[in-house]
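K.L.:
Anchor point for the sequence shown: position 3 equals 3 in full-length UniProt numbering, and the numbering is continuous, going up by one each time.
Note that the Cβ used here is the ideal one computed from N, Cα and C, for glycine as well.
Treat the numbers as computed from the prediction; the structure is a model and nothing was measured.
Here it is, the structure in full.
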Amino acid sequence: MQNYFYELAAFLQNQVKGNERFTCWFSAEDSDFVRFNHGAIRQPGHVSQIYLNLQLISGQRHAGSSATLGGSLDPDNEILERLVCGLRSQLADLSDDPHLLISTEVCSTEHIVASRLPATHVVVDEILAVAKSYDFVGILAAGPVYRGFANSYGQRNWHETSSFNLDWSLYCSDDKAVKSAYAGFDWDSAAFKVKFNAAVSQLDILKRDPITLKLGGHRAYLSPTAFGELVGMLNWDGLSEKSLRTRQSALRKMRDGGLQLNPAITLCENVAEGIAPSFQREGFIKPGSITLIDHGHLSNSMVSPRTAKEFGIATNGADGSEMMVSVDVQAGALPLSQVLSELDTGVYISNLWYLNYSDRANCRITGMTRFATFWVENGEIKAPINATRFDDSLFQLLGEKLAGLTCERELLINSESYGQRGINSMRLPGALVKEFVFVL
């Protein structure tokens with residue numbers, strides 16, 4: 001696949017004329033997908049696909065288009081030739097883009113991680129062996145993903161990794177279910193069975209009569225998945241440099257007002273240990289890790305090339321969205337085995353859903369508990385809790401209300417597969433908070 005992409009790039013190099021330049025972004029995968037329902041296979045499939053996005057540039061004018069390719073050079077080169085001709089015809093009618101910035105310093109890279117995954121049928125057999133007695137519903141995605149970049153200056157970048165993501169639920173009845181996920185680069189049978197057995201234990205508790213939570217503040221533990229939903233809200237322009245400068249960011253009080261989070265919070269963009277590539281569509285190289293929040297202090301932001309050009313600052317290789325793609329929250333000192341005893345009496349939250357800002361200026365977020373959320377008394381899970389709405393500020397939850405983060409962290413991989421497999425990831429601990437406010 002790498003040689004094929006480089007051949008395409010060489011062909012494009014010969015297509016540009018005069019002062020024209022090009023950048024191209026290559027995205028491909030070779031994925032197995034298996035859907036499960038009622039503990040059985042319902043839809044197996046395999047997807048091999050290749051997308052290429054081409055930008056043709058002349059001065060500060062640029063036009064772009066995308067194509068789906070078949071993997072054979074001759075017919076694919078014909079597609080690219082037509083693409084170049086079409087973009088060239090558009091350039092004369094376009095205005096200059098004052099914020100266009102592409103990398104002109106050649107920095108070629110190669111990152112190839114050989115697959116350590118077993119054959120998909122081996123994984124599926126292990127899943128079926130434990131799931132057949134349950135209403136197990138989910139999807140397994142596994143296999144390599146590829147990303148590439150090339151430009152007319154001769155830069156070539158290649159990224160190739162293989163991973164799996166099993167996103168699944170155990171259903172009890174009606175809308176009652178335990179949701180879980182297992183993802184990574186190495187399939188560990190023992191680790192999967194531990195996660196599955198933990199879900200079965202929660203399923204047994206879910207069969208008990210549910211209670212309706214008394215509204216107001218309660219001590220709470222958020223699993224890495226639930227905590228990830230909260231941290232993920234910071235990707236809604238929270239750490240975007242442009243949003244911070246235009247005061248659209250929910251974290252603007254951390255920059256303008258000196259507000260700080262709990263010293264236990266250190267948040268990084270860590271592409272070195274994620275799935276996403278270390279380069280982006282304009283050809284800039286990302287640092288292995290960028291510390292965005294350092295022991296509670298806002299220390300950096302995500303700066304795209306366009307924002308860098310607009311405000312006359314340096315880019316740090318952020319994508320155009322200025323969103324994190326490899327979220328990394330530093331672990332704490334709370335052993336996972338002591339979570340229930342430290343929670344004592346309160347709410348154990350496995351998942352959060354339908355999150356949105358209720359007050360962006362104060363970083364207030366509202367959303368719902370769902371599936372396996374439990375009431376805990378004296379360190380023992382007593383009963384499931386009916387779906388409840390919460391409304392609280394991240395400034396508080398990640399600030400004075402934070403009681404601790406777990407020593408253990410979990411890798412969460414984006415399970416989206418619309419168009420192509422997601423490659424964003426989060427590595428997170430669980431979080432114990434002194435108070436979580438429930439309102440409905």
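What would DSSP say about Val84, mapped onto helix, strand or coil?
P.N.:
Residue numbering aside, residue 84 sits at position 84 when the sequence shown is read from its first letter. Helix at Val84.
K.L.:
For Arg167, is the classification buried or exposed, using 16 other Cβ atoms within 10 angstroms of its Cβ as the cut-off for buried?
P.N.:
Reading the sequence shown from its first residue, position 167 is the one you call residue 167. Position check: residue 167 holds Asp in this sequence, whereas Arg was assumed. When all chains shown are included, Asp167 counts as buried.
K.L.:
Does the pairing of the segment 390-398 with the segment 309-320 give three or more beta-carbon distances under 8 Å?
P.N.:
no
K.L.:
Rounding to the nearest angstrom, what Cα-Cα distance links Arg360 and Arg255 in this structure?
P.N.:
Residue numbering aside, residue 360 sits at position 360 when the sequence shown is read from its first letter. Residue numbering aside, residue 255 sits at position 255 when the sequence shown is read from its first letter. The straight-line gap from Cα to Cα measures roughly 15 Å.
K.L.:
For the segment 284-361, list the beta strand (DSSP E) runs that are entirely contained and at least 3 residues long, ordered along the chain.
P.N.:
290-294, 326-329, 346-349 and 352-359
K.L.:
Touching or not, the segment 177-188 and the segment 25-37, by the rule of three or more beta carbon pairs under 8 Å?
P.N.:
When Cβ pairs closer than 8 Å are counted between the two stretches, the segment 177-188 is seen not to touch the segment 25-37, the count staying below three.
K.L.:
Per DSSP, what are the beta-bridge partners of Ser240 in this structure?
P.N.:
Along the sequence shown, one-based indexing puts residue 240 at 240. Per DSSP, Met302.
K.L.:
Based on DSSP bridge pairs, tell me the residues matched to residue 450.
P.N.:
Residue 450 cannot be examined here, being either before or after the span of the chain that is shown, 1 to 440.
K.L.:
How should Pro277 be labelled, buried or exposed, when 16 other C-beta atoms within 10 angstroms of its C-beta is the threshold for buried?
P.N.:
Indexing the sequence shown from 1 puts residue 277 at position 277. So Pro277 ends up on the buried side.
K.L.:
Is the beta carbon of Asn165 closer than 8 Å to that of Ala150?
P.N.:
As a first step, residue 150 must be located in the sequence shown, where it is residue number 150. As a first step, residue 165 must be located in the sequence shown, where it is residue number 165. Taking 8 Å as the Cβ cut-off, Ala150 and Asn165 do not qualify as a contacting pair.
K.L.:
Tell me whether the beta-carbon of Ile102 lies closer than 8 Å to the beta-carbon of Glu273.
P.N.:
For the purposes of this step, residue 102 is taken as the residue at position 102 of the sequence shown. For the purposes of this step, residue 273 is taken as the residue at position 273 of the sequence shown. No, the pair does not count as a contact, with Cβ atoms beyond the cut-off.
K.L.:
How far does the alpha helix (DSSP H) with Thr120 in it extend, from its first residue to its last?
P.N.:
The residue you call residue 120 lines up with position 120 of the sequence shown. From DSSP, the alpha helix (DSSP H) with Thr120 extends over Thr120 to Ala131.
K.L.:
Measure the alpha-carbon distance for Gly320 versus Ser304 and round it to whole angstroms.
P.N.:
Here residue 320 is taken as the residue at index 320 of the sequence shown, counted from 1. Here residue 304 is taken as the residue at index 304 of the sequence shown, counted from 1. The alpha-carbon atoms of Gly320 and Ser304 are separated by roughly 5 Å.
K.L.:
Could you check how far apart the C-beta atoms of Cys268 and Asp328 are, in whole angstroms? I think they sit under 8 Å.
P.N.:
Residue numbering aside, residue 268 sits at position 268 when the sequence shown is read from its first letter. Residue numbering aside, residue 328 sits at position 328 when the sequence shown is read from its first letter. Sure, about 4 Å apart at Cβ, within 8 Å.
K.L.:
How many angstroms separate the CA atom of Leu54 from the CA atom of His121?
P.N.:
The residue labelled residue 54 in the question sits at position 54 within the sequence shown. The residue labelled residue 121 in the question sits at position 121 within the sequence shown. If you take the alpha carbons of Leu54 and His121, they lie about 37 Å apart.
K.L.:
Is Arg421 helix, strand or coil when you go by DSSP?
P.N.:
Counting from one through the sequence shown, the residue named residue 421 turns up at place 421. For Arg421, the secondary structure class from DSSP, reduced to helix, strand or coil, is coil.
K.L.:
List the residues that DSSP assigns as beta-bridge partners of His111.
P.N.:
Within the sequence shown, residue 111 is the residue found at index 111, counting from 1. In the DSSP output, where bridge partners are listed per residue, His111 has His159.
K.L.:
Take the Cβ of Ala220 as the centre, count every other Cβ of all protein chains shown within 10 Å, and call the residue buried at 16 or more, exposed below.
P.N.:
The count along the sequence shown starts at 1 and reaches residue 220 at position 220. Classification for Ala220: buried.
K.L.:
Between which two residues does the beta strand (DSSP E) carrying Ser48 extend?
P.N.:
Taking the first residue of the sequence shown as position 1, residue 48 is located at position 48. That run of the beta strand (DSSP E) goes Ala40 to Ser58.
K.L.:
Give the secondary structure of Phe438 by DSSP, where H, G and I count as helix, E and B as strand, and everything else as coil.
P.N.:
Position 438 of the sequence shown, counting from 1, holds the residue named residue 438. Strand, per DSSP.
K.L.:
Tell me the DSSP secondary structure of Val145 in three-state form.
P.N.:
For the purposes of this step, residue 145 is taken as the residue at position 145 of the sequence shown. In the structure shown, Val145 sits in a strand (DSSP, three-state: E or B).
K.L.:
Taking just the CA atoms, how far does Pro144 sit from Ser240?
P.N.:
Your numbering for residue 240 matches position 240 in the sequence shown. Your numbering for residue 144 matches position 144 in the sequence shown. Between Ser240 and Pro144, the C-alpha separation is close to 30 Å.
K.L.:
Flag this pair as touching only if the segment 396-407 and the segment 415-433 have three or more C-beta atom pairs under 8 Å; answer yes or no.
P.N.:
yes
K.L.:
Since Ala431 sits in a beta bridge, which residues does DSSP pair it with?
P.N.:
Counting from 1 along the sequence shown, the entry for residue 431 is found at position 431. For Ala431, which the question treats as bridged, DSSP gives the partners Leu222 and Leu405.
K.L.:
For Ala177, which residues in the same chain have their Cβ closer than 7 Å to its Cβ, ignoring the five residues on either side in sequence?
P.N.:
Residue 177 sits at position 177 when you count from the first residue of the sequence shown. So the qualifying residues of the chain are Ser169, Leu170, Tyr171 and Phe371.
K.L.:
What are the start and end residues of the alpha helix (DSSP H) that includes Leu394?
P.N.:
Translated into the one-based positions of the sequence shown, residue 394 becomes position 394. Note, Leu394: alpha helix (DSSP H), Leu394 to Leu397.
K.L.:
Looking at the secondary structure, which residues open and close the beta strand (DSSP E) in which Met368 lies?
P.N.:
Mapped onto the sequence shown, residue 368 falls at position 368. Run containing Met368: Arg364 to Thr369, per the beta strand (DSSP E) assignment.
K.L.:
Would you call the segment 406-425 and the segment 123-141 in contact, with 3 or more CB pairs under 8 Å?
P.N.:
yes
K.L.:
Exposed or buried, what is Glu160 when buried is set at 16 or more other beta-carbons lying within 10 Å of its beta-carbon?
P.N.:
For the purposes of this step, residue 160 is identified with residue 160 of the sequence shown, where counting begins at 1. Buried, since its Cβ has 16 or more Cβ neighbours within 10 Å.
K.L.:
Should the segment 60-67 be regarded as contacting the segment 79-93, the criterion being three or more beta carbon pairs within less than 8 Å?
P.N.:
Verdict: yes, contact present.
K.L.:
Could you give the distance in angstroms between the alpha-carbon of Thr369 and the alpha-carbon of Ser341?
P.N.:
One-based indexing of the sequence shown puts residue 369 at position 369. One-based indexing of the sequence shown puts residue 341 at position 341. So the alpha carbons of these two residues sit roughly 22 Å apart.
K.L.:
Taking DSSP as the reference, what is the three-state secondary structure of Tyr4?
P.N.:
Walking along the sequence shown from the start, residue 4 turns up at place 4. Helix.
K.L.:
How about Ala226 and Ser350: do their beta carbons lie closer than 8 Å?
P.N.:
Counted from its first residue, the sequence shown places residue 226 at position 226. Counted from its first residue, the sequence shown places residue 350 at position 350. Yes, the Cβ-Cβ distance between Ala226 and Ser350 is below 8 Å.
K.L.:
Report yes if the CB atom of Gly228 is closer than 8 Å to the CB atom of Leu411, and no otherwise.
P.N.:
To locate residue 228, count along the sequence shown from 1; it is residue 228. To locate residue 411, count along the sequence shown from 1; it is residue 411. For Gly228 and Leu411, no; Cβs fall outside 8 Å.
K.L.:
What span of residues does the alpha helix (DSSP H) with residue 443 cover, start to end?
P.N.:
No answer is possible for residue 443: the residues shown for the chain start at 1 and end at 440.
K.L.:
Using a threshold of 8 Å, state whether the C-beta atoms of Phe438 and Thr388 are closer than that.
P.N.:
Residue 438 sits at position 438 when you count from the first residue of the sequence shown. Residue 388 sits at position 388 when you count from the first residue of the sequence shown. Going by C-beta atoms, Phe438 is nearer than 8 Å to Thr388.
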